[in-house]
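Protein chains in written order, with the working numbering: chain A, 1360 to 1898; chain B, 7 to 962; chain C, 8 to 121; chain D, 3 to 95; chain E, 73 to 212; chain F, 2 to 162. Ideal Cβ positions, reconstructed from N, Cα and C, are used throughout, including at glycine. For clarity, every value in this text was computed on a predicted model and none was experimentally measured. What follows is a single structure, written as structure tokens, with notes after it.
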Ligand code: NA
Ligand code: NA
């Protein structure tokens, strides 16, 4: 077998896929096996992603192209590895491992096929990050969404199903918009490869431009729905609140997929050429982002349940990123990437923490109770091995510290990475390339400050209510394997802080290559197919 | 230096903790002291670690005289507080947490003063806010502590965030965040356009932190903290951070009108109000808190003047205030500890119980009042002198001396009150505890601090002089003025002011004495106007009521508005480009209109409209009409050369219809005349929806029309058409695209189908029908009842009669359907068909058997095991794709070859066929799984019903 | 023909959108089905309309690609049909689950007054 | 000549079949009972099948045959399901 | 229609005739479906299309393609066979369902169930108003 | 052998269908046979009653008769539909007792009756062996009874029992 390093590019898609499918051949009660298989798979995924990151970061940034089916560009569906996709891959697996470990506490027993669905979600995410083909992106979006539907409904229960129904309905509408947008783009340009599109879009004839833009705008709406832009993102907090905690933790990166795609496509399609379509839609992204931040702030403040608070934090994070993409400026993009990583880790940890904290008192346990009384046949498995949470000594302290850490991260206070991210963004905004700081930027700054403040107020309020106010100290019954993931993620943010220098250096490089997509385009279009068949197989 | 930060090691034992903390702070203190030789020479000790060089954020520590002086205060008083706290804290308190927070706070504070990078400074600044929050809220079972902590954090947090922005602006102006550069760039900063915003933001930070009016109210509420915390935070550290920053940036920011007016106004009002409020406090710590506010106002006022001498005075007063206030807080703590209350209305005559503490407290409060021979006097004299100077020639300047004198008088009043009320007068009655002197070690810190007050007050030049000078030089540099720390400057205006203040102060006390002894807490007149309450209400209003209101008005949790928005925005987005530019259209290329096709679309349109119209009350009709629209879609595909699509559309159509029918059984009955309400709002909403629907339809029609009539660009399709056979080995280009050119899409697509099947299966395992649909359908009830009532019939005969003949045909169709599936599958690569169509066909075959025979009958004979089909299909597809690795080609590279099979002839063997086989298996499995899982719900509900009936019978 | 088809697509979209806004889950699912017809036709129409030229080539014959219907949109539609089928099925089951748990077939899981 | 004959015959047949489809649709719309609508749908299926067959003749292309065949073999499944639903309230028991 | 340029004339007549007959029968059948007044009458009409309507068009197709491709093409016969086999299933099931529904509503135009006569009356009484919906039209 | 070829007639039909769908060539016969065998195995799993054909010749004759009858009734029904309300017509239900019990035989009868315009099979009472028929033009019940009993059922009884 001749496996060149290039084949590694597809590994992030195939590893979870194969593992997930193989797990189908085993009974669901063989949990130990399923759990270890999926954990191993995610660890492998992490290792592969790290390797890919190194590959992408060598020689001043390599673009590795994988031509599926060995067809030449732009006819083949291609996978493209560059710094950005490698980074997103790592982020995915970094989130996946803790979420998976967390789920072993109880969630993976709450319904069927948890591990398969989880792994296929990872496949969808990784595919979406890697693919260089617009329609293939749709397909991976659907893989990802389908798995997320399954996981968001995992364990069933009244609230979850109600939220799931909305989630699915809206995303189905979004998928239809996606299709309309893609087909309009194809109908105007005759191609689907993103790199090829980047070449063809600036050359499009004047009379077709309007309708092409119309298509791109509709496509953009689809992504904005995923990213949760106001007023398209009302579904998001509800869905995330009622999804099982480990699922919500991994879903935090799903809202970032929309951002990722917007970032990639907007810079690829309109970035370099300042032609007629140049800067298309940036103001909308910017002001939409601002509106989203405002709404996120409102929601954060208005949330009583921690889960909703976290859900709105996702919106704040999305809004910030959208607004920043709308600014289209290299160093802000770099800061945004850092922020993306940091906020994703933080919110992810927070979702898991919330369940631990609220386990004793809240609706989530009711949801579990509802699922327990599910009716009909084949429910025997629910009864086996009731795991009793142990009140570990000091668990409350760890939870408390974790909560403080999450608050600090969300509010963007030092010393964790939330601060570095916010600082980087502010620095970048306040040092614009053109010289003068636009009044729009001041709005963004004000909102950034306000968002930190609102997170602070809301988190303090919630934290006091949860940890300080109860007359009887609450000692949630949590398992070690449920605390460890949270702490892992928080340590990750600490590491981000400590290693801020090199990481920011990487982000800068990523942002620069994003803003100058020539190497991406050429990398894809000039990628040579492997030597033809006859050479090796002719008898 | 790092050791200061690293000292946060929580242990368990109280003593061990105290020792550890004490050790750490004394070690830090020693380190700081050791640095003096360098600092004294005017050198700056630096320690740099690169952290985030891209953004100019480095871990730079920088000790100059000013920082050194503060470090001494922080570590020194820190040590004393630890010592004090060791005895103060109850053995039942979880002290490890306390000490670890305290140390962490100390570290943060220390870090702040020695930061050499203004961003680093902001970081430590925020850390002090966070740790002070934890310290203030240490007794969190107490609601006051929680509120106080929260308020402190929120106020200082707001300030901190503003400060950060302000500092970033400074960094932008200067081009560096390094303090050294910043300090050199004073002129540049003051002349920059962004000076005012930066100043405002930085002042936001500084003034909130040092509790300046109007942000002062958090400080008294922070008194709910344990007294050591108060002593530490409100004397030497937390609140000093604000004035520290003002002093730190004084060289670069001060000297402008804006600076003077903002800082001065804040300082003077704080000075006056704080002192005034302090008089009327009944809580000892409250009194001290307001006095702290007032003294900070004094420092701020000094800094606002912008004159070097004033700065010297400010720095000097920072030190003095730290010493006497720390000792006073500790004394108050002892009183509280011993007497069990801090209410001055209850306390009196304690002198006889705790004479030593009382003496110490008296000296300290004398310093606070500015009595000569104590350190407080010195800096106050300097302050008076400065207020007399004209700085900006304004009203503010004019009133400054009066304000100073009045405030000073107030200070005397509250100091006298403190002493007199607590220690003198009649013996206390009904005290919670019998007071006596505390352990000596607990008193020691106070003794030490009071001693310092005395020594500095008496021989300032010899004691504090050099150190103060070092600090002053490091702040002012070349602008360091001549100043004299002597006690006696002769009889001059400041002295007169002092005397007046002293006299008036005592007088005030005498006048107010009786009122105070009885009065309520808080100053008269504005008692009801509590900052705290205003703040809380503001916070609740904005952050809760308004937020909730806005969330419900700018957001929604209902699905319909969300979908409306999605569609509306998509509509606007799609049409926006048309609006913003003129539409040039190439001349349409049209195909000739065929009336037959037009008539077919009349059918399609009517079906669609009918389905839309009937979907509420006539679900079955809507489903049937939807089928009509699907059929028209299918014919359209046929018409325009897409046989594959037509096949697939048709098959999917059939399955979908059955699927929805399977689901229809569980939906509630809907009766038109009962719930057809028709109010005005409903009609308006319908009208709006209708308009939007029409608009969307029109928009899509327009875009579709424009697209269809404009020429096709040069597409990738020509490559596929040309290479499908030579390189893909198939003549059906669509199929070759699906399994080869773009096989990866198909790979993802079957994954979606598989996932959905799994999800449906999992969800239906937990399915619970609504109570009103749990019963068997009415038809079956009636028919069974009929069978039951007929003498010669058994239950179930009706259905047997019903299906007897048709099921024979349906069963015998099964092999033919298998053959059809095989046919569609095998020809797919060359002609319309393929794995997907074949798979659905096969699944329909299974479905038909289920309909014909029922679930039990079917499953007694054929076990389909859909899960294995799914797994097998997916694995086959992926392994086929990976097969190409064996030859070094990318995933899904296909290989085809014509194989000569005896008798059969040339047969194309394409790997794509195996891939397609995977597709086939997956589709069969997934579709069957979905259908069967839904069908099984009926049996399950039968079973549940039986169980329920049995239960009921048992009960009766 | 273009006019007819685009009108057809328009009506399908209009009906689908109208149903999408309705409060009953069943209406929504019918609406989604109609919309997916419309979208499939729309994608298909991006290859423009060609009568009697299915993209099925003759083995071993030189191809003039302009004489065939564009196969790419057809392939895309096939994928879209499958995915649409899958998601419709899923939505159906979720609406059934919602109906079972909430007792109503309202999209919000509860009857709203007004 | 034969081309003309065929052309007109095919056109005529197509028109008749389309009218037949419209009539079937009318039954689907009008009802009045569910069974009438189902009957209308079934008729619509058969009519479309024939229409596609005629379309195949018109284009001289056999590629559309399978669509007709599928309607012929499997088109009844939907109708069967509908009928059974009417009779028993459940498609699969 | 270039591909039929050299189509034998008499064959063309055959094809045309079968086409017209088939389409005509189908049209008449659908017309009957549209026009006849009771369901039980209507159920007869579409059989025109499924019997000789289909058969004629299938024959037309067979002849046409056999001539066109100069070889016997018979596969259309499968359509005829399967339509013949499957149509009865639908009509039987549908007719019986309609009968049930009419009977349960005591429609006087249909023969009542064999025995016992009164059973349905009792059921009607037993059944709460919810069965009203059956009368209003659909079981939905 | 009977396990491999459970339903020889069915297999033959399947092979013929395969050949009709593809082409008459040796290769396709082989492929078709393989597929037919698989399909027949699928059928065998359902364990249906095995039909026993006794009289081939009669079956063919019956088919001929039926085709003729269908053509005739096509014309009849066409006429009725086109005439509209001008002619007095009475449609109605009738119950016919049957002797035929073989499921395949009954099925064929059902196919015949339903395929013939003018008659509709509405129900079959298994216990009593009665068939409920709807007749489009029920002028004389006896004619129809005769048609069903003596023309179709007779043949079918001969063929299958
Ligand atoms: Na009975
Ligand atoms: Na008939």
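Under DSSP, the alpha helix (DSSP H) around residue i begins and ends at which residues?
| i | result |
| --- | --- |
| residue 2 (chain B) | In the structure displayed, chain B extends from 7 to 962; residue 2 (chain B) sits before or after that span and is not available. |
| residue 1437 (chain A) | Residue 1437 (chain A) -> not in any alpha helix (DSSP H); beta strand (DSSP E) instead, spanning 1437-1440. |
| residue 98 (chain F) | First-last for residue 98 (chain F): 93-98, but that is the beta strand (DSSP E), not the alpha helix (DSSP H). |
Quick one: measure Cβ to Cβ for residue i and residue j, integer angstroms, because I've assumed they're closer than 8 Å.
| i | j | result |
| --- | --- | --- |
| residue 665 (chain B) | residue 843 (chain B) | Contact flag wrong, Cβ pair sits at about 17 Å. |
| residue 1859 (chain A) | residue 58 (chain B) | 4 Å |
| residue 75 (chain D) | residue 136 (chain E) | 22 Å between Cβ atoms; not a contact. |
| residue 825 (chain B) | residue 37 (chain F) | 7 Å |
Can you check which of these residues, the options, is closest to residue i by C-alpha distance?
| i | options | result |
| --- | --- | --- |
| residue 136 (chain B) | B:157, B:125 and B:121 | B:157 |
| residue 1387 (chain A) | A:1464, A:1469, A:1407 and A:1432 | A:1469 |
| residue 377 (chain B) | B:211, B:340, B:143 and B:506 | B:506 |
| residue 394 (chain B) | B:862, B:628, B:503 and B:900 | B:503 |
| residue 265 (chain B) | B:307, B:236 and B:283 | B:307 |
| residue 433 (chain B) | B:416, B:354, B:440 and B:479 | B:354 |
| residue 95 (chain D) | B:805, B:407, B:69 and B:615 | B:805 |
| residue 246 (chain B) | B:179, B:883, B:298 and B:339 | B:298 |
| residue 841 (chain B) | B:260, B:89 and B:922 | B:922 |
| residue 80 (chain F) | F:20, F:44 and F:119 | F:119 |
| residue 1670 (chain A) | A:1678, A:1755, A:1679 and A:1659 | A:1659 |
Please list the terminal residues of the continuous beta strand (DSSP E) segment that includes residue i.
| i | result |
| --- | --- |
| residue 121 (chain F) | 120-126 |
| residue 1345 (chain A) | Residue coverage of chain A in this structure runs from 1360 to 1898, which leaves residue 1345 (chain A) outside it and unanswerable. |
| residue 135 (chain F) | 131-136 |
| residue 64 (chain B) | 63-69 |
Considering only heavy atoms of ligand 4, does any lie closer than 7 Å to the CB of residue i?
| i | result |
| --- | --- |
| residue 584 (chain B) | With respect to ligand 4, the structure offers nothing, as its ligand set consists of ligand 1 and ligand 2. |
Proximal residues, the stretch 1382-1401 of chain A versus chain C, C-beta separation under 7 Å: none
Which full runs of the alpha helix (DSSP H) of 4+ residues lie inside the stretch 411-445 of chain B, going along the chain? none
With 7 Å as the C-beta to C-beta threshold (strictly closer), list the residues of the stretch 65-95 of chain D near chain C in chain order. 65
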